[in-house]
Amino acid sequence: MVPAGSVKAPADRGRGGICVAALRRYRSMVQFGADGGEVDVEQGAADPVAEFGARSVTAGDLSVSPAEPARAVGPVTGVTWRAPRTWRFLLFLARVVVLPVARLKVTGDVPAALRDGPVIFAANHIGPFDPVAITAACRVARLAPRLMATGGLFRAPVVGSVMRAAGHIRINRRQADVGTAVDAVADALAVRSHVLGYPEGRITLDPGMWPERGKTGMARIALRTGVPVVPVAQWGAHEVAAWGGFGPTVRTLGRSLLRRPVVRVHFGAPVNLSDLDPASPGAAQRATDRIIDAITAELAALRVAEPRLPRYVDPVRPLSTQRRHRPAR
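Under full-length UniProt numbering, think of the first position of the sequence shown as 1, with each following residue one higher.
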C-alpha cells in the first residue's frame, strides 16, 4: 500500500507528472487477493454475507497509521452499527449485477485499525453505473459503508424505502439543510459506521473525466469529527452505461454484455488532515482540495494509458470546465 498521508498533485493541469508517480504507486499497490494479485468478481473470495458490518470494539481514539498522528474521533459511543440485512443483500446483488457487464478489479487495502472504527470513504463520480461498481467493490473488500445519497432517491417509490431499510444517509442539497445533513453523518460516525460519498456532489462533467472541484460538506464532517478520509478511485464504469437517456443506456449496456469492459476500483491511503484547524478560515476548502488531490492521484494510477482524455467518449455526456479542480499548493 502507498504510504499514508496526502498526495500532492502537480500544479499544472497536464497529467504527465501525476502519471509518472502513479506508475510507481500502482506497481506497489497491496491487493485484496490472497496471492497478492488483483481480485475480480469471478475470482474474489466467496465470503458469506454475514461477514459484513463493523466489528464490536470498545470506544476510544482511532489510530489511523504511523504516518498520520492519531486524532480524536469525536463523540464515538460504545454502540457499533451493523449493516442491515437489506444492505448486505444489496452488496451481494451488486456483485452479481456487475458480473455479466464488466470485469471488476479491486486493489488497495483498508487497514484493520480503520475497519474497526468510523471512516469516511471519498470516491470520484464518473457515471450512473459507478455506484453499483463501488458497491460491488466494497463487497469484495468486505466493507459495508453507509451511502450518503441525495434526497431525491429517498423520495422515489420503492427505492426510497430500500435506501432507508439499508441504513443509508439522506443528504439534501438545499443550503438550509446542510447543517442537518452534517449532523446525520456525524451521528452515523459516532456509532462507528463507515460512510461513503462523492465529494464532487455530481457526476463529473470535466472533459478529461478528472474529479471536479469538490463541495466542502465532506471535509467539514471530517474536520469536525476527526474521522479519517480514505480516497476511493474508480475507472471504467463510464463505459458500462451511458450518462443518460433510455436509448443510449440500453445500447451501452448491450455492448457491455459483449465486451465486458474492465472496471477498476482502488482504496487509497488516508488523507492527512491533521494539521488543519477546523476553526481556521478556509480550512474546509483546504481539506476538500487535499481530498480531491488524493482521489486524482489514485485515479491517475488506474488510467495510466489514458493520461489526458478518456479513450471511450460518451456522446450524450455534457462537458463543462466551470468546476475544474485546481490542485492544492
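We put the CB at the ideal spot given by N, CA and C, even for glycine.
Per DSSP, the unbroken beta strand (DSSP E) holding residue 171 starts and ends at 169-171.
Straight-line measurement puts the Cα of residue 312 at about 37 Å from the Cα of residue 223.
Excluding sequence positions up to five before and after residue 241, its CB lies within less than 7 Å of the CB of 127, 128, 129, 249, 252, 253, all in the same chain and listed in chain order. Across the set 244, 239, 245, 247, the C-alpha of 239 shows the shortest separation from the C-alpha of residue 261. The DSSP-derived three-state label of residue 210 is coil. Using a Cβ distance threshold of 8 Å, residue 208 and residue 308 count as a contacting pair. Rounded to whole angstroms, the gap between the alpha carbons of residue 79 and residue 132 is 29 Å. Of the residues assessed, residue 322 falls on the exposed side of the cut-off, its CB having fewer than 16 other CB atoms within 10 angstroms. Taking the C-beta atoms as reference points, residue 320 is found nearer than 8 Å to residue 205. The three-state secondary structure of residue 234, taken from DSSP, is strand.
Taking all protein chains in view, the Cβ of residue 157 is surrounded by fewer than 16 other Cβ atoms within 10 Å, so the residue is classified as exposed. Excluding residues up to 5 positions away in sequence, 160, 163, 170 lie with their Cβ nearer than 6 Å to the Cβ of residue 154 in the same chain. For residue 120, the uninterrupted beta strand (DSSP E) segment begins and ends at 119-123. About 4 Å separates the CB atoms of residue 298 and residue 268; that is less than 8 Å, so the two are in contact.
Here the region 95-113 makes no contact with the region 178-192; the two share fewer than three CB pairs at distances below 8 Å. A straight-line Cα-Cα distance of about 24 Å links residue 314 and residue 149.
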